[in-house]
Amino acid sequence: MPSSKRNSNTLVVPQASAALEQLKFEVAQELGIQLPQDGYYGYMATRDAGAIGGYITRRLIQIAEEQLAGRFAR
Numbered sequence: 210m211p212s213s214k215r216n217s218n219t220l221v222v223p224q225a226s227a228a229l230e231q232l233k234f235e236v237a238q239e240l241g242i243q244l245p246q247d248g249y250y251g252y253m254a255t256r257d258a259g260a261i262g263g264y265i266t267r268r269l270i271q272i273a274e275e276q277l278a279g280r281f282a283r
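Adding 209 to a residue's 1-based position in the sequence shown gives its number in the numbering used here.
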């Protein structure tokens, strides 16, 4: 069986990288979580990283739902 692993962290739309990074900082600030300035998240508590990821997911779903509602509202 060939080992064709795909990194699940690969962005589907690479142009969204900067916007997602900005969203990460906004969410962390809203939650009162300090992000490391050097970009290394290895010392960050798993609970904090999970909270940030969870809120980002909720926010992305909200954005997508709003776009879909606007597209199909007639």
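Each residue gets a CB set at the ideal place from its N, CA and C atoms; glycine is no exception. Because the structure is a prediction, the values reported are computed rather than measured.
Legend entry - DSSP state of Met210 mapped onto helix, strand, coil: Residue placement at Met210 cannot be trusted, given a pLDDT of 47 that sits under 50; what the coordinates show is reported in the next sentence. Coil.
Inset, instruction - Identify whether Gln271 lies in helix, strand or coil by the three-state DSSP scheme. - result: helix
Legend entry - Cβ pair count under 8 Å reaching 3, the stretch 259 to 273 against the stretch 224 to 234: These segments touch.
Inset, instruction - Give a yes or no on whether the C-beta atoms belonging to Tyr250 and Ala258 are separated by under 8 Å. - result: Their beta carbons are under 8 Å apart, which means Tyr250 touches Ala258 by this criterion.
Legend entry - Residue range of the unbroken alpha helix (DSSP H) whose run includes Leu232: 226 to 240
Inset, instruction - Take Met210 and list the residues in its own chain whose beta-carbon comes closer than 6 Å to its own, dropping the five residues that flank it on each side. - result: Confidence at Met210 is low in this model, with a pLDDT of 47, below 50, so the placement of that residue should be treated as unreliable; the coordinate-derived value is given next. Hits under 6 Å: none found.
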